[in-house]
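In this note's numbering, the protein residues as written are 1 to 311.
Backbone N, C-alpha and C define an ideal beta-carbon position, used for all residues, glycine too.
Source: prediction; values computed, not measured.
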Ligand code: MLT
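This is the structure in structure tokens:
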């Protein structure tokens, strides 16, 4: 009997393959290579992706046997949910798998930006010992704004509270009482920009959030604002951010995500007050293991025609 085929379109943890077990034929392809993806997806029963593979209407139309799209992570912005539903293809993800890793990276970027870790490291490797040039600021007793108080935002709020920061948040979908339980004061967008010394973005990418932080908002920010985005590129307008950082409208930024990925030649990378990583929020052993196992289980259930419980 032929086994159902599962296509791994990106590198997933060994635990993923282990959790799938022996009942499937596993194939691999580079999902970021469009032609390769469109050829490979034709006769598979399930596809597993991270964020580099666009499972859009075109890819779904090319797939003749597809039953499941599994996103080994949280964000579903690279999967066309509407087209999947229309094609009768189930979409599963792992919504809690990497939230701790993403929160920890946001805090790391914040600390790195506040203490000039990236340029100081580069200078030292270059034989330069520059202690006064890289004088930084403390997080303690500063106000941090969490933009999006969902699962990851709440973990960042918790961690930064432990640093002695005052935590405010902008999230129109969260009740003030729920925020208060976390020791967080909800504010509107203008108040957030007026009060924040630090800001960390934790929103999904939707038509509503793209460009949410642009030139107009950045002009309202404090000059010493440190802005972190480890959520999705495009929520912070990159051209406006570059201008704000270059002209001293804000102090620094920590970035893990970009409007277009992969991204290797952004003008933002030329600025000393930017610390940047290549979409590493979920890239830890723990997160990859959890994400892989969670979606492998969902794929097994879905292909067996069984109910897939909410993760
Ligand atoms: C996510 O949405 O969970 C992350 O972007 C996952 C990833 O990097 O694969």
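beta-carbon residue i near the ligand MLT non-hydrogen atom, thresh 6 angstroms
i	result
residue 50	yes
residue 229	no
residue 282	yes
residue 98	yes
residue 292	no
Coarse secondary structure for residue i, derived from DSSP in three states
i	result
residue 293	helix
residue 269	helix
residue 131	coil
residue 47	strand
residue 146	strand
residue 182	coil
residue 32	coil
residue 81	helix
residue 231	coil
residue 168	strand
residue 71	strand
residue 157	helix
residue 152	helix
Nearest-angstrom Cα separation, counted from residue j out to residue i
i	j	result
residue 171	residue 181	15 angstroms
residue 223	residue 263	27 angstroms
residue 52	residue 237	20 angstroms
residue 96	residue 148	16 angstroms
residue 215	residue 299	43 angstroms
residue 59	residue 82	13 angstroms
residue 312	residue 199	What the structure shows of the chain is the stretch from 1 to 311, and residue 312 is not part of that stretch, so it cannot be assessed.
residue 9	residue 19	17 angstroms
residue 128	residue 274	19 angstroms
residue 280	residue 104	11 angstroms
residue 183	residue 260	35 angstroms
residue 62	residue 210	29 angstroms
residue 296	residue 124	44 angstroms
residue 26	residue 37	15 angstroms
residue 206	residue 130	42 angstroms
residue 271	residue 245	8 angstroms
Residue i, enclosing beta strand (DSSP E) - first and last residue
i	result
residue 198	198-201
residue 141	Here residue 141 belongs to no beta strand (DSSP E), and DSSP marks it neither H nor E.
residue 213	Residue 213 -> no beta strand (DSSP E), and no H or E assigned at all.
residue 254	252-255
residue 92	90-93
residue 307	From DSSP, residue 307 is part of no beta strand (DSSP E); its letter is neither H nor E.
residue 276	274-276
Reference residue i; option with closest CA among the options
i	options	result
residue 192	219, 207, 81	219
residue 74	308, 260, 292, 299	292
residue 34	55, 27, 14	55
residue 12	71, 44, 42, 40	71
residue 164	29, 57, 144	144
residue 7	23, 45, 14	45
residue 283	301, 256, 269	256
residue 136	305, 226, 239, 39	226
residue 151	115, 232, 168, 202	202
residue 40	98, 187, 66	66
residue 76	92, 177, 68, 175	92
residue 229	117, 174, 132, 108	108
beta-carbon residue i near the ligand ADP non-hydrogen atom, thresh 6 angstroms
i	result
residue 74	Summarising the ligand content, the structure contains the ligand MLT and does not contain the ligand ADP.
The alpha helix (DSSP H) enclosing residue i, as first and last residue numbers
i	result
residue 12	Residue 12 -> no alpha helix (DSSP H), and no H or E assigned at all.
residue 112	99-114
residue 87	Element bounds for residue 87: n/a, residue is neither H nor E.
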